[in-house]
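Participant: Just passing along the structure, written as structure tokens.
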Ligand SMILES: [Zn+2]
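In the numbering used here, the protein residues as written are 269 to 713.
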């Protein structure tokens with residue numbers, strides 16, 4: 269947000285769109301309302317709203333507050349990249365943190381122990397849930413606020429950016445009667461969103477789905493998938509509740525976390541012997557690694573490699589800002605290196621780069637000011653999309669899993685069979701001008 273001279277005399281929160289803070293986490297509505305009233309007594313109440321409004325105005329979905337002796341530094345995460353914004357003095361920072369803690373029903377006085385809570389936000393007609401995590405550190409305190417829209421706009425694989433051919437293939441495979449399907453994403457890389465959307469792509473109305481979930485890890489509710497719970501705090505796993513489920517003869521088992529080799533083994537048996545479908549997920553950087561993550565739980569490899577049928581892995585990449593991206597002509601060598609057939613694309617795009625200093629002057633040698641793109645505020649990127657890797661497990665890959673399971677071996681054999689990895693899928697986005705080569709390299713690093 270540009271601030272002119274007159275504006276600079278006014279505090280930031282007065283220049284930003286209003287937000288409404290909603291108390292949560294109390295034992296009762298009454299307690300929540302009491303917390304809100306108490307928070308409103310603080311002169312820092314509007315400043316707290318301003319911090320959230322500032323982040324949302326910049327399209328940030330996480331806020332990091334770092335308390336040091338004299339200052340409170342503030343960072344926003346925008347499209348997966350942290351950016352610094354102006355810090356606050358320590359006293360102001362303390363005062364607005366007390367507001368956040370109060371409306372999340374946390375202990376305001378406790379600056380040392382880890383505390384976690386939630387509060388709501390209404391901003392420009394959109395509703396958000398914020399989770400706040402505060403933890404004392406040597407210099408003071410570190411606070412992370414995650415801002416999530418109450419209603420996700422990402423409902424379909426197309427919304428997530430999956431190309432049409434792959435969507436068709438994925439739907440066909442997930443609607444097959446039997447198989448063992450793994451959904452994977454890197455840490456913090458959209459696994460829960462991909463999971464939810466992938467499951468909604470499966471036909472949940474003609475088959476009986478059952479979800480086996482940890483009581484301690486709340487999952488998004490998925491229509492027509494009733495969850496059965498085990499308690500990880502009691503050392504239980506999916507294997508413990510599976511026998512009682514089999515009487516009901518479900519067609520599809522949805523298992524967010526496999527937990528141990530026994531659970532993998534029992535569910536693989538359901539695939540191999542009873543022709544059921546199992547859908548699970550894991551944190552992994554690509555499909556090959558995902559296969560090995562499940563293998564690392566040590567199920568009997570013969571059964572696992574026989575059952576496993578498909579892996580969907582994903583990676584988030586920033587999209588070039590369409591208002592300021594710059595076209596350039598790739599050399600034939602460059603296209604060849606990228607594996608793009610000659611003549612397929614005339615131009616590629618890169619993020620906005622200001623002209624060199626000698627060109628930033630007018631005819632009389634006076635400096636010209638470079639206008640900052642309003643759409644992306646000069647970042648060069650706006651929003652993110654996902655790259656997907658869809659690996660169909662072939663007999664060749666099964667043999668690698670059995671005999672020499674390693675990420676390199678799986679990737680090599682898959683590639684030899686015509687499989688497109690994240691790199692190759694990402695190049696398709698580069699060729700379409702959706703992202704840049706630099707960004708692809710950064711995201712796949
Ligand atoms: Zn731009």
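Idealized CB from N, CA, C, for every residue including glycine.
With which residues is residue 414 paired in a DSSP beta bridge?
Facilitator: Translated into the one-based positions of the chain shown, residue 414 becomes position 146. DSSP output for residue 414 lists 330 and 399 as bridge partner(s).
Participant: With DSSP run on the structure shown, which of helix, strand or coil describes residue 605?
Facilitator: For the purposes of this step, residue 605 is taken as residue 337 along the chain shown, with counting starting at 1. Reduced to three states, the DSSP call for residue 605 is helix.
Participant: Here's a check: name, in chain order, each residue in its chain whose Cβ is nearer than 7 Å to the Cβ of residue 345, leaving out the five neighbours to either side.
Facilitator: Working through the chain shown from its first residue, we reach residue 345 at position 77. Hits under 7 Å: 328, 329 and 330.
Participant: Threshold first: 3 residues or longer. Then list the beta strand (DSSP E) segments lying entirely within the segment 431 to 481, N to C.
Facilitator: Entirely contained in the segment 431 to 481, the beta strand (DSSP E) runs reaching 3 residues are, in chain order, 447 to 453.
Participant: Using only alpha-carbon positions, find the residue among 525, 510, 547 and 504 that is nearest to residue 471.
Facilitator: For the purposes of this step, residue 471 is taken as residue 203 along the chain shown, with counting starting at 1. Looking at the Cα atoms, 547 is the closest of the given residues.
Participant: So which of 482, 607, 519 and 494 has the shortest CA-CA distance to residue 505?
Facilitator: Residue mapping note: residue 505 aligns to position 237 of the chain shown, counting from 1. Residue 482 is the option with its Cα nearest to residue 505.
Participant: Under three-state DSSP, which class holds residue 580?
Facilitator: The residue you call residue 580 lines up with position 312 of the chain shown. Strand.
Participant: Using a Cβ-Cβ cutoff of less than 7 Å, which residues in the same chain neighbour residue 665 once the five nearest sequence positions on both sides are dropped?
Facilitator: Reading the chain shown from its first residue, position 397 is the one you call residue 665. Excluding positions up to five away in sequence, the list reads 678, 681 and 682.
Participant: Exposed or buried, which one is residue 571 when buried takes at least 16 other CB atoms within 10 Å?
Facilitator: As a first step, residue 571 must be located in the chain shown, where it is residue number 303. Label assigned to residue 571: buried.
Participant: Among 444, 425 and 443, which residue has its Cα nearest to the Cα of residue 465?
Facilitator: Locating residue 465 in the chain shown gives position 197, where the first residue counts as 1. When each option's Cα is compared against that of residue 465, the closest is 425.
Participant: Return no unless some Cβ of chain D is closer than 9 Å to the Cβ of residue 515.
Facilitator: The structure shown has no chain D; it contains just one protein chain.
Participant: Just to confirm the assignment, what range does the beta strand (DSSP E) spanning residue 658 have?
Facilitator: As a working mapping, residue 658 is identified with position 390 in the chain shown. Note, residue 658: beta strand (DSSP E), 649 to 660.
Participant: DSSP three-state label for residue 339, please.
Facilitator: Taking the first residue of the chain shown as position 1, residue 339 is located at position 71. It is a strand residue.
Participant: With distances taken from each beta carbon to the nearest heavy atom of ligand 1, which residues come in below 5 Å, in chain order?
Facilitator: That gives 589, 591, 592, 641, 643 and 644.
Participant: Whose C-alpha, out of 446, 441, 313 and 488, is nearest the C-alpha of residue 469?
Facilitator: The residue labelled residue 469 in the question sits at position 201 within the chain shown. Nearest C-alpha to residue 469: 441.
Participant: Note the first and the last residue of the continuous alpha helix (DSSP H) segment covering residue 384.
Facilitator: Looking up residue 384 in the chain shown gives position 116. Note, residue 384: premise wrong, no alpha helix (DSSP H); beta strand (DSSP E) at 383 to 391.
Participant: Since I believe residue 703 is in contact with residue 587 (beta carbons under 8 Å), could you give me their beta-carbon distance rounded to a whole number of angstroms?
Facilitator: Numbered from its first residue, the chain shown carries residue 587 at position 319. Numbered from its first residue, the chain shown carries residue 703 at position 435. Going by Cβ atoms, the distance from residue 587 to residue 703 rounds to 6 Å, so yes, they are a contact pair.
Participant: Look at the Cβ atom of residue 355, then the Cβ atom of residue 325, and state whether they are nearer than 9 Å.
Facilitator: By 1-based counting over the chain shown, the position of residue 355 is 87. By 1-based counting over the chain shown, the position of residue 325 is 57. No.
Participant: Short of 7 Å in beta carbon distance, which residues of its chain neighbour residue 422, apart from the five on each side in sequence? Order them along the chain.
Facilitator: Indexing the chain shown from 1 puts residue 422 at position 154. Here the set comprises 428, 461 and 465.
Participant: Please name the residue in 435, 533, 613 and 369 whose C-alpha comes closest to that of residue 410.
Facilitator: Taking the first residue of the chain shown as 1, we reach residue 410 at position 142. If we check each option's Cα against that of residue 410, 369 comes out closest.
Participant: Would you decide whether residue 650 is buried or exposed? Buried here means 16 or more other CB atoms lie within 10 Å of its CB.
Facilitator: In the chain shown, the residue the question calls residue 650 occupies position 382. Classification for residue 650: buried.
Participant: Within a Cβ cutoff of 6 Å, which residues of the same chain sit near residue 499, ignoring the five residues on either side of it in sequence?
Facilitator: Position 231 of the chain shown, counted from the first residue, corresponds to residue 499. Within the same chain, residue 499 has close Cβ partners 483.
Participant: Am I right that residue 558 and residue 579 are in contact with their C-beta atoms under 8 Å? What's the rounded C-beta distance?
Facilitator: Indexing the chain shown from 1 puts residue 558 at position 290. Indexing the chain shown from 1 puts residue 579 at position 311. Indeed they touch by this definition, with Cβ atoms about 5 Å apart.
Participant: Going by CA-CA distance only, name the one from 332, 647, 413 and 448 that's closest to residue 533.
Facilitator: Counting from 1 along the chain shown, the entry for residue 533 is found at position 265. Comparing Cα-Cα distances from residue 533 to each of 332, 647, 413 and 448, the minimum goes to 448.
Participant: Does DSSP put residue 548 in a helix, a strand or coil?
Facilitator: Along the chain shown, read from residue 1 onward, the residue named residue 548 stands at position 280. DSSP places residue 548 in strand when its eight states are reduced to three.
Participant: Could you tell me whether the Cβ atoms of residue 353 and residue 342 are closer together than 9 Å?
Facilitator: Sequence index remark: in the chain shown, residue 353 carries index 85 (1-based). Sequence index remark: in the chain shown, residue 342 carries index 74 (1-based). A contact, by the Cβ cut-off of 9 Å.
Participant: To the nearest angstrom, how far is it from the Cα of residue 628 to the Cα of residue 380?
Facilitator: Here residue 628 refers to the residue found at position 360 of the chain shown. Here residue 380 refers to the residue found at position 112 of the chain shown. Cα to Cα, the separation comes out at about 51 Å.
Participant: Just the C-alpha distance for residue 708 and residue 694, rounded to the nearest angstrom, thanks.
Facilitator: Sequence index remark: in the chain shown, residue 708 carries index 440 (1-based). Sequence index remark: in the chain shown, residue 694 carries index 426 (1-based). Taking the straight line from one Cα to the other gives about 7 Å.
Participant: Can you tell me the Cα-Cα spacing of residue 676 and residue 404, whole angstroms?
Facilitator: Working through the chain shown from its first residue, we reach residue 676 at position 408. Working through the chain shown from its first residue, we reach residue 404 at position 136. Taking the straight line from one Cα to the other gives about 42 Å.
Participant: Using alpha carbons as the reference points, say which of 351, 372, 377 and 373 lies closest to residue 362.
Facilitator: Within the chain shown, residue 362 is the residue found at index 94, counting from 1. Per the Cα distances, 377.
Participant: With a 10 Å radius around its C-beta and 16 neighbouring C-beta atoms as the bar for buried, classify residue 526 as buried or exposed.
Facilitator: Along the chain shown, read from residue 1 onward, the residue named residue 526 stands at position 258. Counting Cβ neighbours within 10 Å, residue 526 comes out buried, since at least 16 surround it.
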